[in-house]
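Participant: Every number in my numbering is 6 more than the matching position in the sequence shown, counting from 1. Cβ coordinates follow ideal geometry from the N, Cα and C atoms, glycine included. From a predicted model like this one, the values you see are computed outputs, not experimental measurements. Once you've had a glance at the structure underneath, I'll fire off some questions.
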Amino acid sequence: MKGGFFDFKRVRRRFRSPLVTGVGSIDAVDRVLLRCQSETGVGYGEIAPWPGFPSETIDQAIEVMRSAQGNLSHLSSTVQASRAALPCLAAALSSCEHWSAIAAYDGELPCAGLVALSGDDAPAKIAAGFQTLKIKISATTQEPSIREIFSLFAGQVRLDANGSLNLTTARSWADFARSENRVEFLEQPLPIGHPGYASLGQDKIALDESFLTPAGNDWPGLVVVKPLLAGDWTELRAWREQRPGPVVYSSCFETVIGRQAALWLASLDENVGTIGFDTLGRFEHDARDRHAGGPMARGLADFDWDAFWREIS
Ligand SMILES: [Mg+2]
7 MKGGFFDFKR
17 VRRRFRSPLV
27 TGVGSIDAVD
37 RVLLRCQSET
47 GVGYGEIAPW
57 PGFPSETIDQ
67 AIEVMRSAQG
77 NLSHLSSTVQ
87 ASRAALPCLA
97 AALSSCEHWS
107 AIAAYDGELP
117 CAGLVALSGD
127 DAPAKIAAGF
137 QTLKIKISAT
147 TQEPSIREIF
157 SLFAGQVRLD
167 ANGSLNLTTA
177 RSWADFARSE
187 NRVEFLEQPL
197 PIGHPGYASL
207 GQDKIALDES
217 FLTPAGNDWP
227 GLVVVKPLLA
237 GDWTELRAWR
247 EQRPGPVVYS
257 SCFETVIGRQ
267 AALWLASLDE
277 NVGTIGFDTL
287 GRFEHDARDR
297 HAGGPMARGL
307 ADFDWDAFWR
317 EIS
């Protein structure tokens with residue numbers, strides 16, 4: 007975006023109940039919503055770092071935006087020059103740049119249901135029609151609890167350890183995944199950069215926290231792409247066109263702005279598959295989720311984005 011100016015608003019979103027992952031529980035997240043205006047029109051973007059992912063922090067992103075003093079060219083050139091360190095800002099600017107296409111997106115993509123093993127998440131998601139379930143596991147999860155889920159429906163299961171396993175438990179879950187047709191993959195078994203990935207092998211192992219942007223990533227197996235963390239989207243799409251095999255698109259608990267943009271980006275992939283965007287309805291009501299939930303994730307056409315922006319205090 008050439009010329010123009012920008013404004014931003016910081017929002018805090020508190021989970022209704024803490025989100026539990028293999029590495030701990032998360033009570034709330036901060037996001038920054040970005041509004042850009044240039045000769046090509048108005049665009050929106052969202053800066054949405056996620057705990058455990060090595061992007062810039064919200065405070066670092068805000069510092070960069072404050073330094074640019076509302077000047078969009080200044081912000082764009084700063085982010086372009088430091089884009090490896092500022093992947094969330096680069097993604098948010100990509101969203102602003104493509105906003106007219108993003109706002110018009112009204113397609114739908116199949117979505118995996120996110121379930122916790124405790125409670126009755128799984129039957130509820132199955133009853134709602136989800137064909138794929140994504141289950142968070144930790145070092146204390148037992149295989150029978152996963153087999154129990156198999157017995158409830160006929161679909162596929164994705165296991166996500168969020169880097170919480172050691173090499174022994176990671177091997178055992180990798181063996182489980184490879185011996186069970188109904189396990190689609192095991193996501194991020196080991197911490198970022200763990201040398202054990204070399205011996206674990208790539209079959210049915212997906213990297214999430216270890217994959218931030220395509221730059222410098224040479225994992226030949228599955229990767230989970232969180233569009234809002236993935237840096238510049240033109241670079242992301244160029245990488246994707248060269249890359250064979252599936253890529254899994256995933257949410258990082260965006261507001262309506264980031265979700266609409268991320269769904270649009272995922273929809274551009276001809277081999278998009280089932281996405282991981284079952285993140286609605288998890289925050290205390292703040293009117294910042296506007297899409298409908300369910301096993302098909304749909305774009306939100308005919309939404310008044312300018313009114314949404316004005317309502318954010
Ligand atoms: Mg994950």
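#1: Between Gln66, Asp181, Ala128 and Val230, which lies nearest to Thr138 when the distance is taken from Cα to Cα?
#2: List in chain order the residues whose CB is within less than 7 Å of at least one heavy atom of ligand 1.
#3: Report the start-end ranges of each alpha helix (DSSP H) in the segment 148-195 that is 4 residues or longer and not cut off at the edges.
#4: Decide if Leu165 is buried, meaning its Cβ has at least 16 other Cβ atoms within 10 Å, or exposed.
#5: Mark Gly51 as exposed unless 16 or more other C-beta atoms lie within 10 angstroms of its C-beta, in which case mark it buried.
#6: In its own chain, which residues sit with a C-beta less than 7 Å from the C-beta of Val2, not counting the 5 before and 5 after it?
#7: Taking only runs that begin and end inside the segment 21-93, name each unbroken alpha helix (DSSP H) of 4 or more residues, in chain order.
#8: On the criterion of 16 or more Cβ atoms from any shown chain inside 10 Å, does His104 qualify as buried, or is it exposed?
#9: Between Leu192 and Lys210, how many whole angstroms is the CB-CB distance? I'm expecting something under 8 Å.
#10: Would you mind stating whether Pro24 and Ser61 have Cβ atoms separated by less than 8 Å?
#11: Taking just the CA atoms, how far does Leu206 sit from Ser185?
#12: Does the contact criterion of 3 or more C-beta pairs under 8 Å hold for the segment 83-91 versus the segment 113-121?
#13: Could you spell out where the alpha helix (DSSP H) holding Pro129 opens and where it closes?
Facilitator: So, from the data block:
#1: Translated into positions along the sequence shown, residue 138 becomes position 132. Closest option to Thr138, Cα to Cα, is Ala128.
#2: Asp166, Asn168, Glu193, Gln194, Asp214, Glu215, Val230 and Ser256
#3: 149-156 and 173-185
#4: By 1-based counting over the sequence shown, the position of residue 165 is 159. Under this definition Leu165 is a buried residue.
#5: Here residue 51 is taken as the residue at index 45 of the sequence shown, counted from 1. Buried.
#6: Residue 2 is absent from the structure shown; the chain starts at 7 and stops at 319.
#7: 64-74 and 78-87
#8: The count along the sequence shown starts at 1 and reaches residue 104 at position 98. His104 should be labelled buried.
#9: For this step, residue 192 is matched to residue 186 along the sequence shown. For this step, residue 210 is matched to residue 204 along the sequence shown. Contact flag correct, Cβ pair sits at about 6 Å.
#10: Locating residue 24 in the sequence shown gives position 18, where the first residue counts as 1. Locating residue 61 in the sequence shown gives position 55, where the first residue counts as 1. No, Cβ-Cβ distance for Pro24 and Ser61 is not below 8 Å.
#11: The residue you call residue 185 lines up with position 179 of the sequence shown. The residue you call residue 206 lines up with position 200 of the sequence shown. Distance between the alpha carbons of Ser185 and Leu206: 15 Å.
#12: no
#13: Mapped onto the sequence shown, residue 129 falls at position 123. Where Pro129 is concerned, the enclosing alpha helix (DSSP H) stretches over Asp127 to Ala133.
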